[in-house]
Amino acid sequence: MKWKVLAASIMLGAAATAQAVTADEVHTFTLANGMKFIVLESHTIPNANMYTFWKVGSRNEAPGITGLSHFFEHMMFNGSKNFGPKMFDRTMEAKGGSNNAYTSNDLTVYQDWFPASSLETIFTLESDRIAHLTIDPKMVASERGVVLSERSTGLENSNIRALHEEINGVAFQAHPYSWPVIGHESDIKAWTQDDLQRYFTTYYAPNNAVSVIVGDVKTDDVKKLATKYFGGIPKRALPPAVRTVEPEQKGERRLFVAKESATSANLVVAYKVPAANSADYYALEVLQSILGDGKTSRLYKTLVEQQLATQVSASSMDGFDPGLLYLSAVATAKTEPAQLEKALLAEVDNVVTNGVTADELQKVKNQKLLNLYREQETINGKAQQLGNYEVFFGDYKKMFDAPAAYEKLTTADIQAVAAKYLKKSQRTVGVLAAKED
């Protein structure tokens with residue numbers, strides 16, 4: 320183990336040396352309409368990207384209009400004043416670029432990758448769909464069908480996704496994190512044109528976005544293009560804040576999902592944890608990895624190696640509001656769900672009672688720092704990190720504090736957050752299987 324830690328430390332040092340990004344290299348400006356831009360010049364290759372973070376996700380929805388944030392991820396590629404349906408993609412591809420997008424509980428993010436020489440084309444495309452998006456009823460009907468199919472296929476093909484959806488609905492009884500990002504089926508079928516137009520007008524305002532541009536660009540050029548193409552889009556009143564606070568959970572909650580096609584039982588134990596900007600964020604990230612990240616994790620050793628589970632994982636929903644830390648396992652054919660749950664919870668209790676070892680902590684610290692530096696070796700990783708820290712932590716500069724935040728953690732810190740958050744009263748336990756015992 321000590322050799323592995325030493326080897327990882329050497330790799331970490333090499334990665335840290337390779338990444339030369341400092342806070343001083345990052346430039347920002349905000350247009351008169353409130354749209355913020357973060358620019359990092361990187362001239363190693365003649366490429367660039369634009370990641371635009373819109374502060375709207377499923378938490379901004381309400382019963383009756385769930386899934387609208389994700390739906391606009393589809394509509395944004397289906398026509399604007401100067402570019403017809405599918406022309407966003409075709410125009411970008413003709414310039415050698417590509418794109419993607421994703422929606423979460425908290426954000427909708429549009430990612431553009433392109434030769435730096437096509438920067439003005441990207442500004443033209445992005446600004447046109449914000450200023451003049453076409454919400455054509457025919458395209459709405461078409462994409463509505465696509466989303467309904469995406470929802471049903473996703474739930475059928477992924478037992479963990481199906482179980483997570485049910486877990487969230489039980490764990491959150493007031494907060495909008497309770498519904499799925501893709502939306503409820505009945506809502507997807509029922510959105511009106513007025514719903515769509517109102518939602519777009521409310522949330523797709525320039526003062527509700529942060530755009531990150533990294534690559535072979537000059538900050539002055541970016542500022543000129545931003546002013547030219549986005550500067551004329553009027554700012555609007557900031558969207559209404561999400562006021563609902565999830566009440567304190569006062570006891571363990573349990574659920575069972577019957578799925579006839581399931582060949583193995585799936586178990587998820589989800590604990591309430593704080594928002595991403597919590598002082599406990601980094602300690603919880605390390606705890607999560609020690610429990611369920613990789614073949615040296617606690618749950619892999621106690622569940623997979625003991626042939627109680629075929630796979631395990633640990634994940635969390637980083638967000639603006641308190642969320643969940645998920646511990647997941649898929650049972651072997653011979654393992655009963657109750658047996659799997661007992662073994663998983665025993666390992667959780669072990670960490671709470673006895674803590675973690677210095678070697679475990681150092682291993683995960685090395686992994687976290689190595690991942691941070693590896694991401695910063697690419698323009699895409701840099702853009703994603705800058706945007707995440709800006710929106711979730713309130714300042715992109717906090718990205719540069721992350722290494723020190725990980726380094727200073729002690730085994731006592733990890734045991735403390737385990738005891739603080741991994742409580743029976745704060746967990747929701749879900750099982751998905753072909754039939755209930």
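Numbering (this note's numbering), first residue to last: 320 to 756. All C-beta atoms in this analysis are idealised placements derived from N, C-alpha and C, irrespective of residue type, glycine included.
Is DSSP giving residue i helix, strand or coil here?
i: D540; result: helix
i: S417; result: strand
i: N401; result: coil
i: H451; result: coil
i: F396; result: coil
i: A633; result: strand
i: A657; result: helix
i: N675; result: According to the sequence as given, residue 675 is Val; it is not Asn. If DSSP states are grouped into helix, strand and coil, V675 belongs with coil.
i: S580; result: coil
i: L557; result: coil
i: V623; result: helix
i: T422; result: strand
i: V465; result: helix
i: V605; result: helix
i: Y446; result: Going by the sequence as given, residue 446 is Ser instead of Tyr. It is helical.
i: A493; result: coil
i: S388; result: helix
i: V667; result: helix
i: A628; result: strand
i: S505; result: helix
i: S477; result: coil
i: Y522; result: helix
i: P456; result: helix
i: V683; result: helix
i: T546; result: helix
i: I552; result: coil
i: K701; result: helix
i: F407; result: helix
i: P382; result: coil
i: V710; result: helix
i: A335; result: At A335, the pLDDT of 44 sits below 50, so the modelled position is not reliable; the number obtained from the coordinates is stated separately. Helix at A335.
i: E484; result: helix
Which term fits residue i, buried or exposed, when burial requires 16 or more other beta carbons within 10 angstroms of its beta carbon?
i: D343; result: exposed
i: V588; result: buried
i: P365; result: exposed
i: D506; result: buried
i: E709; result: buried
i: A560; result: exposed
i: E567; result: exposed
i: Q625; result: exposed
i: R573; result: exposed
i: P499; result: buried
i: D714; result: exposed
i: L557; result: exposed
i: H494; result: buried
i: D513; result: exposed
i: D668; result: exposed
i: K701; result: buried
i: T747; result: buried
i: A584; result: buried
i: R562; result: exposed
i: S580; result: exposed
i: N476; result: exposed
i: N419; result: exposed
i: G332; result: Note that G332 has pLDDT 46, beneath the 50 cutoff, so the model's placement of it is unreliable and the number below is only indicative. Its Cβ having fewer than 16 others within 10 Å, G332 is exposed.
i: Q703; result: buried
i: R409; result: exposed
i: Q430; result: buried
Tell me the DSSP bridge mates of residue i?
i: V592; result: G642
i: W373; result: T427 and A528
i: R470; result: According to DSSP, R470 bridges with nothing at all.
i: K355; result: T349 and V529
i: R617; result: None; R617 has no bridge partner.
i: G749; result: L574 and V587
i: P434; result: N366
i: G534; result: E360 and A367
i: T563; result: The partner list for T563 (beta bridge, DSSP) is empty, contrary to what the question assumes.
i: A648; result: L586 and V631
Assuming residue i contacts residue j (C-beta within less than 8 Å), just tell me the rounded distance between them.
i: F433; j: K457; result: Actually they are not in contact, since the Cβ atoms of F433 and K457 sit about 29 Å apart, beyond 8 Å.
i: G550; j: N401; result: Contact doesn't hold; Cβ gap of about 17 Å is too wide.
i: L741; j: A602; result: That pair is no contact at about 12 Å.
i: V745; j: G674; result: According to the sequence provided, residue 745 is Gln. The question's Val does not apply to it. Not confirmed; about 19 Å, so no contact.
i: G638; j: N424; result: 5 Å
i: P684; j: Y725; result: In the sequence as presented, Pro is not what sits at residue 684; that position holds Lys. 5 Å between Cβ atoms; contact.
i: H503; j: G386; result: 7 Å
i: H389; j: I501; result: 5 Å
i: L751; j: L482; result: 4 Å
i: S530; j: M411; result: 16 Å between Cβ atoms; not a contact.
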